[in-house]
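Protein chains in written order, with the working numbering: chain X, 1 to 565; chain P, 566 to 949.
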Amino acid sequence: MKWLEKYKVQVPILEKESDYPNWAISMTTTLLNHTGTWRIFRPIYLNKIPPCNNECPTNEKIQSYMDLVKQDKLLEAYKLILEDNPFPSITGRVCYHPCETECNRKDYDESIGIHCVERFIGDWGLKKVPFAKPATKRKVSIAIIGSGPAGMASAYYLALNGFNVTIFEKKAKLGGMLRYGIPAYRLPKKVLDNEFKKLITLGVKFRTSSLVGKDITLDNLRKNFDFVIIGHGAHKNRPMVIPNEEASGVFSGLDFLSQINSGKRPKIGKKVAIIGGGNTAIDAARSCLRLGSIPTILYRRTRAEMPAVSDEIDAAEAEGIKIEFLVAPVKITVTKKGKLTGIELIKMKLGRPDASGRRRPVPVEKSNFTLKFDSIISAIGEQVDLSILSADITKTEWGVKADFIGRTNIQNIFAIGDCVTGPKTVVEAFGAGKRTALQIMGNADKIQHKVERPVQYSELNLDYFEHTQKVPPPQMPVAVRKKNFKEVHTGYSNVNAKNESERCFSCGVCNKCDNCFVVCPDLSVLKDTGEYEFDYDYCKGCGVCAHECPRYAITMIEESKAEVE
Amino acid sequence: MKKVITGNHAVSYGALLARSQVIAAYPITPQTQIVELLSEFCASGKLNAKFIKVESEHSAMTACIAASATGARTFTATSSHGLALMHEMLHWAAAARLPVVLANVNRAMGPGWSVWTDQNDSLSQRDLGWIQLYCESNQEVLDTTIQAFKIAEKVLLPVMVVLDAFVLSHTSEPVDIPEQTLVDKFLPPYDLKTKLDLSAAKSYGALTNPDHYFEIRYKIQKAHDEALHVIKDVDNDFYEHFGRKYGVVEAYRCEDAKVIVVTSGTISGTTRGVIDEMREQGRKVGMLKQKLLRPTPVDELRSILYKAQKIAVIDRNLSFGHSGIFAQEIKSTLYGLAGAPPIYDYVIGLGGRDVTPDDIREIIDNTFKAESPRDTIIWRGVRL
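And the structure:
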């Protein structure tokens, strides 16, 4: 009766036929007729999970910050990202952006350039927003082993919430794989340093050049800290196990990258072979190019099976790096004096799928051949160094045994990131770090899990969207960039970011587009409170609002199943 | 002033003299001449009315409804399929209690395609709430058209003036065309009490739930009850102004008649001659001309027909699967009266087949001779 009260409607008394008008003419208002009683289905506003958010390993609320960017609310957008990912300037550069892969817009024209928008917001925030300080101080101490992405994320959320965090880092500088693994042309050291300022401002203590197991023992940490988080990553180069692997001129991929990232210039020759198809191989190859060498990647499967991020492979090829597929190393060839001359390879073909689902490479008999190289970089994968762990911690084939939240078999010891999963991505390490932090903070209920069925493309009403093109990620021209280690991608401008955010479908999430308000034939969508509400006194349940919602933010439910108001 | 004019033009003159303010119509044989002449009146400035051209009869009636709802005196004319196409809006006009006047030239419905007369078109619209008046002559057509506006505006019901195709519509007769000043006195401008008013916006004809619909329908019936008196008053008033009256029914030489023939439309004219001739021969026969079909003039029908020994109803129409429609009307009117005379239903002249004095004579002879009506329908002039 909201309306009737609002308009102070007097209900006419119609006792006998002479009280009636001659024909059907309104005597007060048609609001007296509660057409809502006819309803058998009712619409409800029900936000759902968009595929981008669902796919994001840190569960960034991507749709929401797109909406904020659209409205020029950059501060809100930045703060919203930090709720789930403390370092968007890092992920905005190195994330493999599964959000874009899953973006429903890809089936319409092109996915949203989420990755670049995230970077724009991250960089904007680093420049404009003061670093957060812890709200309160708590008397709980945390030791984190490793200052890589997993440890960084944990440290951020724990310190922000007043926990006493100390990070133990074996290397001289912070960042782990972010600093020593990823080349500067992808992630400039300055960006990393700036992101670390967030942790410094939060009062996180750093113990660099402290190798756990040597400089300090795990048992010691367990005694002196309330919680220990192991996040030392996967930094051990997997050996190729072929003759002459130890020859001079053979580098391990990670060592090679680490040297460059430490400001050294490894002594590589002109012609360099890089063995492997992962991100390390690509990074090594592109770094070689920038050092003036001619790199060739040798990979035992085909392009489709390459574990490296597709964009990175594209970039490498654009820079003119040759990739030989379906070849596997048999031995390193050397002169009698032990000088490296090249590599003997065997051709491969694809057999049945292996445990990873990819087709297993099988050697083609008697297909051996030799190629000449001056240097060889082995980048066939990294392993976890398990030597620092005490005997009572359960391990798996490849690392520490821990669950989704990071819990190991021992209470108060957590393990996160590559040391649990084997070599994975930065964003997955961030996600793991955040989950463990939430668990320790007593906010386990905020740990998000993927849903099976995020909003589907078929559930959107595409009539409301014009076809538009994605703003291509701006980057330096190949001729310029391949000569130095300057950042390849130059990033979106504010205008670019806004254009991209305007392309967002906002799958499953109401963004107040007003469509339901406009199309409702019964004027039963109310906005008096600033939020949309259905006026169930008059809503007939026709479903036009739900059908015409461009983004599937309205659901029709059976009236009998609706909550009794 | 007397003029020799067709039945159609008699309608046009009626609408002209009534000072119609809005006319919306779509042409259809045999009605077209009515609105043709009216459009000329409008074009020449003789009639100060808004003539609305439409693309169908449905729209014509819709336009009339809207115009009438603003309080304008509104007129349209149609026939047969045109009337059928109006059907939905005919309901509307009646239920909205709008005093629209419509002239319908009775034309048989197709297929087979026909332009000739019978009454099935107007009788199909019997139950909508419209007043229906059937005319015999061109003079009656003109006079009834003028009366129709007065009746409609008094009881707030739409009125249908009905005339036979060609036999009346295209046949010329001398017609006394009344003086405008006199018509103005008889039919002054009117003011519709509840009309579209921008300063007091309301919802018109909107949803009416079961709580309220029934009473509004009851009021339509009540208006019809009132119309029975109003139509007679208007007729008397007309007589005082113009010296002509028609009655809701006309009993012609019915005193002491053993057989009364019930007629409507132009068949009344033919029958009138046969009655005179047979009366001269000493046959006790009379005619009841039913001018008013809705509302049913029950009292008049009963008081006249009750005295006869036999009643012959001539129906130029047929309710398929039952009988002639006027016969049904007479039967239901007399039902329950002890000693009411038997009713013989003659169906004749469908699709404009001639109804001659010989046919009428045969009908009367047959009725005199017949023991009791064995069949529901007695077919005349059809090859069986």
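A virtual CB, placed ideally from N, CA and C, is assigned to each residue, including glycine.
DSSP three-state label for X:Glu-565, please. Walking along the first sequence from the start, residue 565 of chain X turns up at place 565. Bear in mind that a pLDDT of 47 at X:Glu-565, under 50, signals an unreliable position, so the model cannot answer this.
Mind pulling the chain X residues with CB within less than 7 Å of P:Met-767? What you label residue 767 of chain P is simply residue 202 of the second sequence in a count that begins at 1. The amino acid at residue 767 of chain P is misidentified as Met; the sequence shows Lys. Ordered by position in chain X, the residues that pass the 7 Å Cβ test against P:Lys-767 are Ile-25, Ser-26.
Contacts of X:Leu-14 in chain A (Cβ-Cβ under 9 Å): In the structure shown, chain A cannot be found, because the protein chains are X and P.
Just the Cα atoms here: how many angstroms apart are X:Thr-333 and X:Ser-310? Here residue 333 of chain X corresponds to residue number 333 of the first sequence, with the count starting at 1. Here residue 310 of chain X corresponds to residue number 310 of the first sequence, with the count starting at 1. About 32 Å.
Straight-line Cα distance separating X:Tyr-180 from X:Gly-213: For the purposes of this step, residue 213 of chain X is taken as the residue at position 213 of the first sequence. For the purposes of this step, residue 180 of chain X is taken as the residue at position 180 of the first sequence. Going by the C-alpha atoms only, they are around 21 Å apart.
Using the three-state DSSP reduction, which class does P:Ala-625 fall into: helix, strand or coil? As a position in the second sequence, residue 625 of chain P is number 60, starting the count at 1. If DSSP states are grouped into helix, strand and coil, P:Ala-625 belongs with the helices.
Just to confirm the assignment, what range does the alpha helix (DSSP H) spanning X:Asn-261 have? Here residue 261 of chain X refers to the residue found at position 261 of the first sequence. Per DSSP, X:Asn-261 belongs to the alpha helix (DSSP H) from 253 to 261.
Per the contact definition of three or more C-beta pairs closer than 8 Å, is the stretch 354 to 370 of chain X in contact with the stretch 390 to 407 of chain X? no
Does X:Gln-63 pass the burial test, meaning 16 or more other C-beta atoms within 10 Å, or should it be called exposed? By one-based count along the first sequence, residue 63 of chain X stands at place 63. Counting Cβ neighbours within 10 Å, X:Gln-63 comes out buried, since at least 16 surround it.
What residue ranges within the stretch 389 to 465 of chain X form continuous beta strand (DSSP E) runs of no fewer than 3 residues, ordered along the chain? 413 to 415
Just checking: is the beta-carbon of X:Pro-21 within a distance shorter than 8 Å of some beta-carbon in chain P? To locate residue 21 of chain X, count along the first sequence from 1; it is residue 21. Yes, X:Pro-21 lies at the interface with chain P (some Cβ there is under 8 Å from its Cβ).
Could you round the C-beta distance between X:Phe-373 and X:Ala-284 to whole angstroms and report it? I think they count as a contact, below 8 Å. In the first sequence, residue 373 of chain X corresponds to position 373, counting from 1. In the first sequence, residue 284 of chain X corresponds to position 284, counting from 1. Contact doesn't hold; Cβ gap of about 13 Å is too wide.
N-terminal and C-terminal residue of the alpha helix (DSSP H) that X:Ile-90 is part of: Against the first sequence, residue 90 of chain X aligns to sequence position 90. Segment 88 to 94, the alpha helix (DSSP H) holding X:Ile-90.
CB contact below 8 Å: X:Thr-37 versus chain P: By 1-based counting over the first sequence, the position of residue 37 of chain X is 37. Not closer than 8 Å to any Cβ of chain P, the Cβ of X:Thr-37 fails to qualify, so no.
Taking X:Ile-557 as the reference, which of X:Asp-19, X:Val-140, X:Trp-3, X:Tyr-45 has the closest Cα? Taking the first residue of the first sequence as position 1, residue 557 of chain X is located at position 557. Considering only alpha carbons, the answer is X:Tyr-45.
What residues in its chain sit with their C-beta under 7 Å from that of P:Gly-636, if we drop five residues either side in the sequence? Against the second sequence, residue 636 of chain P aligns to sequence position 71. So the qualifying residues of the chain are Asp-756, Leu-757, Lys-760.
Cutoff 6 Å; reference X:Cys-116; Cβ partners in own chain excluding five residues on either side: Stepping through the first sequence from its first residue, residue 116 of chain X is reached at position 116. Result list for X:Cys-116: Pro-473, Tyr-492, in chain order.
Examine chain P for any beta-carbon lying closer than 8 Å to the beta-carbon of X:Thr-30, and answer yes or no. By one-based count along the first sequence, residue 30 of chain X stands at place 30. Cβ-Cβ to chain P under 8 Å: yes for X:Thr-30.
Can you give me, in chain order, the residues of the stretch 632 to 658 of chain P that have a beta carbon less than 7 Å from any beta carbon in chain X? none
Looking at C-alpha atoms only, which residue of X:Thr-30, X:Tyr-536, X:Ala-546, X:Glu-548 is the closest neighbour of X:Trp-38? Position 38 of the first sequence holds residue 38 of chain X. If we check each option's Cα against that of X:Trp-38, X:Tyr-536 comes out closest.
Which word fits X:Arg-42, buried or exposed, when buried means at least 16 other C-beta atoms lie within 10 angstroms of its C-beta? Taking the first residue of the first sequence as position 1, residue 42 of chain X is located at position 42. Buried.
Please check if any C-beta of chain P sits within less than 8 Å of the C-beta of X:Glu-565. Taking the first residue of the first sequence as 1, we reach residue 565 of chain X at position 565. Confidence is the limiting factor: at X:Glu-565 the pLDDT is only 47, short of 50, which leaves the residue's position unreliable, though a coordinate-based value still follows. For X:Glu-565, the answer is no, since every Cβ of chain P falls outside 8 Å of its Cβ.
Once you ignore the five residues that flank X:Leu-68 on each side, which residues in its own chain have a CB closer than 6 Å to its CB? For the purposes of this step, residue 68 of chain X is identified with residue 68 of the first sequence, where counting begins at 1. Closer than 6 Å at Cβ, skipping near neighbours: Glu-76, Ala-77.
Secondary structure of P:Leu-733, DSSP reduced to three states: To locate residue 733 of chain P, count along the second sequence from 1; it is residue 168. DSSP places P:Leu-733 in coil when its eight states are reduced to three.
Between the CA atoms of X:Val-455 and P:Asp-762 - distance to the nearest angstrom: Along the second sequence, read from residue 1 onward, the residue named residue 762 of chain P stands at position 197. Along the first sequence, read from residue 1 onward, the residue named residue 455 of chain X stands at position 455. Cα to Cα, the separation comes out at about 51 Å.
Cβ of X:Ser-387 within 7 Å of any heavy atom in the ligand SAH? Of ligands this structure carries none, so the ligand SAH is not represented either.
Going by other Cβ atoms of all chains shown within 10 Å of its Cβ, with 16 needed for buried, is P:Asp-708 buried or exposed? Counted from its first residue, the second sequence places residue 708 of chain P at position 143. Answer is buried; the Cβ neighbour count reaches 16.
For X:Glu-17, which residues in chain P fall below 8 Å Cβ to Cβ? If you number the first sequence from 1, residue 17 of chain X lands on position 17. Within 8 Å Cβ-Cβ: Glu-780, Tyr-783, Lys-784, Lys-787.
Where does the unbroken alpha helix (DSSP H) through P:Phe-714 begin, and where does it stop? Indexing the second sequence from 1 puts residue 714 of chain P at position 149. Start and end: 703 to 720.
Quick check on the DSSP output: what are the complete alpha helix (DSSP H) runs of length 4 or more inside the stretch 128 to 160 of chain X, in order along the chain? 149 to 160
Please state whether DSSP places X:His-97 in a helix, a strand or coil. The count along the first sequence starts at 1 and reaches residue 97 of chain X at position 97. Three-state result, X:His-97: coil.
Using CA coordinates, which residue listed in X:Pro-307, X:Ile-167, X:Phe-168, X:Ala-316 is at the minimum distance from X:Cys-488? Counting from one through the first sequence, the residue named residue 488 of chain X turns up at place 488. Note that residue 488 of chain X corresponds to Val in the displayed sequence, not to Cys. Nearest C-alpha to X:Val-488: X:Ala-316.
Could you tell me which uninterrupted beta strand (DSSP E) segments, each at least 3 residues in length, are contained entirely in the stretch 291 to 369 of chain X, listed from first to last along the chain? 294 to 298, 322 to 324, 327 to 334, 340 to 353, 359 to 363
On the three-state DSSP scale, how would you describe P:Pro-922? Here residue 922 of chain P refers to the residue found at position 357 of the second sequence. Three-state DSSP puts P:Pro-922 in a helix.
So, X:Asp-226 versus X:Asn-54, is the Cβ gap smaller than 8 Å? The count along the first sequence starts at 1 and reaches residue 226 of chain X at position 226. The count along the first sequence starts at 1 and reaches residue 54 of chain X at position 54. Cβ atoms of X:Asp-226 and X:Asn-54: not closer than 8 Å.
Tell me the DSSP bridge mates of P:Lys-567? Within the second sequence, residue 567 of chain P is the residue found at index 2, counting from 1. BP columns for P:Lys-567 point to P:Asp-741.
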